[in-house]
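The next block holds one structure in the form of structure tokens; read it before the comments.
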Amino acid sequence: MPKLTALAIFISAAAVTAGCSHTNTTPVNTANTEQWQDLFNGKDLDNWTIKIAGYPMGENALNTFQVKDGKLVVSYDEYDTFEGRNGHIFYNEPLSYYKVKVEYRFVGEQAEGAPDWAWRNNGIMYHAQSPQSMAREQGYPACMEVQLLGGNGTDERHTSNLVTPGTNAVYNGELRTDHIIESTSKTYHGDRWVSAELEVHGNELAIHRVEGEEVIRYSGMQLDDGTLLSNGYLALQAESAPIEFRSVKLLNLKGCMDKTAKNYKSYFVANTPDSCQY
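Under the working numbering, the first residue of the sequence shown is numbered -7, with each subsequent residue one higher.
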């Protein structure tokens, strides 16, 4: 047998290593990888519908909703006075089982003529009626609301409270008809960015989180007449306080729950067998 040189041995070993490199590769398991979707693209308001009290659906009165520097902005720069023109911008698809996460901050001065309680006060509306079904003068959709509040620099003021325009919910095992049920959140003063997350399971459960911490949970979401709310539209509110959203993200929690399917996700909580892919 001929004697191998050191160079030949090195080349031979490298070839063996290269030839075996693919045999030990295992498929990456993506079942636990959360697939968040950007609802706001940072460029325009496509896939969103505006409804402002006193105006027909789709009319962006006084340029209330804008896109500036990649952010979705509520602005009152073109208002002389507020005059009760509460506005909402609706995402165009109804939702039922999901998480939505926004990063927001209050900026600037409240619109002239707005009520004091609305200072640095907006919301994330969910399980809402459609904008098409709202009356021209209607100020708020019937919905559940995650109330977003900013601090005044001194006093305690919780954010991500539950507000119930035309609705009720079960809190701590009791059907509550209060208009506002406060969360346990910290107070966020100034113009700082805040992360707020809402997790919804039909009408079975809702959880509000602020900066990753749970601040309230409840269930049994329903209209004032007792009709259960298991789905509806998502909207961001314009209630006289200028605000910016630099991200609005959605995680669907409804899908294929068969572990043998290609599109199975471990975090789904509602099953749709017809969506399974094999």
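Note that beta-carbon positions come from the ideal geometry of N, C-alpha and C, so glycine has one too.
Asked, Found
"Are there three or more Cβ pairs, one per stretch, closer than 8 Å when the segment 113 to 120 is compared with the segment 230 to 237?", "yes"
"Can you have a look at residue 160 and say buried or exposed, based on whether 16 or more other CB atoms are within 10 angstroms of its CB?", "buried"
"Let me know the secondary structure DSSP gives residue 53 once reduced to three states.", "helix"
"Straight-line CA distance for residue 201 to residue 217?", "28 Å"
"Residue 18 by DSSP, collapsed to three states: which one?", "Any reading at residue 18 is ruled out, since the residue's pLDDT is 48, under 50, leaving its predicted position unreliable."
"Evaluate contact between the segment 239 to 256 and the segment 139 to 147, counting only Cβ atoms and requiring at least three cross-stretch pairs below 8 Å.", "no"
"Quick one: is residue 265 buried, meaning 16 or more other Cβ sit within 10 Å of its Cβ, or exposed?", "exposed"
"Can you give me the C-alpha to C-alpha distance between residue 174 and residue 71, rounded to a whole angstrom?", "31 Å"
"Per DSSP, which one or two residues make a beta bridge with residue 29?", "242"
"What residue range does the beta strand (DSSP E) around residue 41 cover?", "40 to 44"
"Check each candidate in 227, 96, 29 and name the one with the smallest Cα separation from residue 185.", "96"
"Any idea which residues DSSP pairs residue 160 with across the strands?", "214"
"List the residues that DSSP assigns as beta-bridge partners of residue 193.", "89, 197"
"Could you compute how far the alpha carbon of residue 198 sits from the alpha carbon of residue 69?", "35 Å"
"Within the chosen definition, does the segment 20 to 34 reach the segment 114 to 133 through at least 3 CB pairs nearer than 8 Å?", "no"
"Ignore the nearest five residues each way along the sequence and tell me which others in residue 169's own chain have a CB closer than 6 Å to its CB.", "160"
"With DSSP run on the structure shown, which of helix, strand or coil describes residue 152?", "coil"
"Along the chain, where does the beta strand (DSSP E) that runs through residue 75 open and close?", "Run containing residue 75: none; DSSP gives neither H nor E here."
"For the beta strand (DSSP E) containing residue 65, name the first residue and the last one.", "63 to 66"
"Residue ranges of each beta strand (DSSP E) run of no fewer than 3 residues wholly in the segment 92 to 156, ordered along the chain?", "113 to 120, 136 to 141, 153 to 155"
"Tell me which residues share the same chain as residue 179 and place their Cβ nearer than 8 Å to its Cβ, disregarding the 5 neighbours each side in the sequence.", "143, 147, 148, 149, 150, 151"
"Quick one: using the 10 Å Cβ neighbour count with 16 as the cut-off for buried, is residue 81 buried or exposed?", "buried"
"Am I right that residue 224 and residue 86 are in contact with their C-beta atoms under 8 Å? What's the rounded C-beta distance?", "6 Å"
"Leaving out five residues before and five after residue 126 in sequence, what residues of the same chain have Cβ atoms less than 8 Å from its Cβ?", "43, 49, 133"
"Anyone know if the C-beta pair for residue 74 and residue 230 falls short of 8 Å?", "no"
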